[in-house]
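Colleague: Residues in the sequence shown are numbered from 1 upward in steps of one, following the numbering used here.
All C-beta atoms, glycine included, are put in the ideal place defined by N, C-alpha and C.
In this text, all values refer to a predicted model and were calculated from it rather than measured experimentally.
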Amino acid sequence: MSRKKKQQYKQEAHADEQAESSTVFSIDGNAEAVNSDSWLTEYSELFYNDMDDYWEPPISRTGLARIPNANAYHGSCLIARANYVSARFTGGGGMKRREMQQFLRDYFTFGDAALLKLRDYFGRVIGLCPLPSMYLRRRKNGNFALLERDDKQRTYRAEDVIFLPQYDPQQQVYGLPDYLGSLQSSLLNEDATLFRRRYYKNGAHMGYIFYATDPNLSKDDEQELKEKIQASKGVGNFRSMFVNIPNGEEKGIQLIPVGDIATKDEFERIKNITAQDVLVGHRFPTGKAGIIPQNAGGLGDPEKVGREFARDEIVPVCDLVMDEVNQDPEIAMVPRLHLRFNLEF
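1) Which of the three DSSP states is assigned to L217 in this structure?
2) Is I126 helix, strand or coil when you go by DSSP?
3) Between I162, K271, D151, which has its C-alpha nearest Q327's C-alpha?
4) Give me the residue from F89, Q166, N141 with the minimum Cα distance to Y54.
5) Nearest to G175 by alpha carbon, out of K271, Q102, F267, Y107?
6) According to the Cβ coordinates, are A158 and L136 closer than 9 Å?
7) Quick one, are the C-beta atoms of P215 and E266 less than 9 Å apart?
8) CA-CA distance, C129 and S186?
9) I'd like the list of long-range same chain contacts for K251, defined as Cβ closer than 8 Å, with 5 residues on each side in sequence excluded.
10) Cβ of K96 versus every heavy atom of the ligand ATP: is any distance shorter than 8 Å?
11) Less than 9 Å between the beta carbons of L131 and F110, yes or no?
12) May I ask which residues mark the beginning and end of the beta strand (DSSP E) holding R157?
13) What is the DSSP secondary structure of K271, reduced to helix, strand or coil?
14) Which residues in the same chain as A275 place their Cβ atom closer than 6 Å to its Cβ, once the five residues preceding and following it in sequence are excluded?
15) Rounded to whole angstroms, how far is the Cβ of E313 from the Cβ of V125, which I believe are closer than 8 Å?
16) Let me know the secondary structure DSSP gives L343 once reduced to three states.
17) Within the same chain, show all residues whose beta-carbon is closer than 7 Å to that of M134, passing over the 5 residues directly before and after it, in chain order.
18) In terms of residue numbering, what span does the alpha helix (DSSP H) encompassing F47 cover?
19) In this structure, how does DSSP classify P165 when only helix, strand and coil are distinguished?
20) For the alpha helix (DSSP H) that L320 lies in, which residues bound it at each end?
21) Which residue's Cα is closest to the Cα of F210: D191, I253, D220?
22) So K304 is in the alpha helix (DSSP H); what residue range does that whole segment cover?
23) Could you work out which residue in L180, P68, L104, N49 is closest to M322 when comparing CA atoms only?
24) Taking the CB atoms as reference points, tell me whether D178 and R283 lie closer together than 9 Å.
25) Grab the span of the beta strand (DSSP E) containing D355 for me, first residue to last.
26) With DSSP collapsed to three states, give me the class of G181.
27) Considering just the uninterrupted stretch of the beta strand (DSSP E) at G252, what are its terminal residues?
28) Going by DSSP, what residue range makes up the beta strand (DSSP E) through G94?
29) Between the alpha carbons of D277 and A80, how many angstroms are there, rounded?
30) Looking at the structure shown, is K264 part of a helix, part of a strand, or coil, going by DSSP?
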């Protein structure tokens, strides 16, 4: 055999060895980077928008409005807290209970809420009306701007608006909601749910190693198996697969699970822990959140829990709203405009 033919033979043999070598492929996504050094409330001062002439809120109002839809607990707690307080509203300010509920939803969701004084022809206050906190901004001179479409604004004088913020030690322009400490848990709860949905919908439950060592498995069959596995997503991903290898060896094909639905995962544990964090962030009783008790002890007497919750969380908010509104100089002179709540518990 000539030197040229020997070299060609070696190259062909090397190519055959590469063709017979192990094959590994994976189906995965990109890792999501998480910056643990930053947080929503890391700000030293507010930014003043000179072009539009108002202070920018410390946290995106759009984000705060969308997060209640992230999981079942956070949004429900916001609605329940507003319902419990508004249910004690007995009248005043010419306001309907629906308007009081709107005011309280803004207060719990965004950390502040505002009431506009309605005036007659002579400038006398005749009623109160809630302003949407999501679009309400404050200016340096103390006035308020209500953002409208097409970059338009509606301006209200400071004396025409009763503004009730939750205290923020880092700034005193806007309020800050009290549930921010549990916000990451709300998002993690949502991520866990979405992951499990994708787990079923996209076939990610096929988390196993398809290990084939049978020498009787032909190249065509191997390629067909690869295509079947890679295509096992979407509708029909639970269908079984039939493989027949004549004179095949025992354990020539093995399935080694690494992320199958039958293996242990932390989904339920994450859901339970994050749900508890959300309830703690809202200081909301577990028994009123619709959670099924996991032990024989249960969740306690609901009547007693309700009274304690009313005394510690509901009535104080009623007092806070009444004090802010009824102590306003213009409202104080008109008793029929005083807000009234049922403070019994």
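Modeller: Put simply:
1) L217 falls in the coil class under three-state DSSP.
2) strand
3) I162
4) Closest by alpha carbon: N141.
5) Y107
6) no
7) no
8) 32 Å
9) T213
10) The ligand ATP is not part of the structure shown, which contains no ligands of any sort.
11) Cβ atoms of L131 and F110: not closer than 9 Å.
12) First-last for R157: undefined, no H or E at that position.
13) Residue state for K271 is assigned as helix, using DSSP reduced to three classes.
14) Y73
15) Contact doesn't hold; Cβ gap of about 30 Å is too wide.
16) coil
17) R61, A65, F110
18) No alpha helix (DSSP H) contains F47, which DSSP labels as neither H nor E.
19) Residue state, collapsed to three classes: strand.
20) Counting along the chain, the unbroken alpha helix (DSSP H) around L320 starts and ends at 315 to 326.
21) I253
22) 302 to 309
23) L104
24) yes
25) No answer is possible for residue 355: the residues shown for the chain start at 1 and end at 345.
26) Taken through DSSP and simplified to helix, strand or coil, G181 comes out as helix.
27) Looking at the DSSP string, G252 is not in any beta strand (DSSP E), and its letter there is neither H nor E.
28) Looking at the DSSP string, G94 is not in any beta strand (DSSP E), and its letter there is neither H nor E.
29) 17 Å
30) Model confidence at K264 stands at a pLDDT of 48, short of 50, so the residue's coordinates are unreliable and nothing is read from them.
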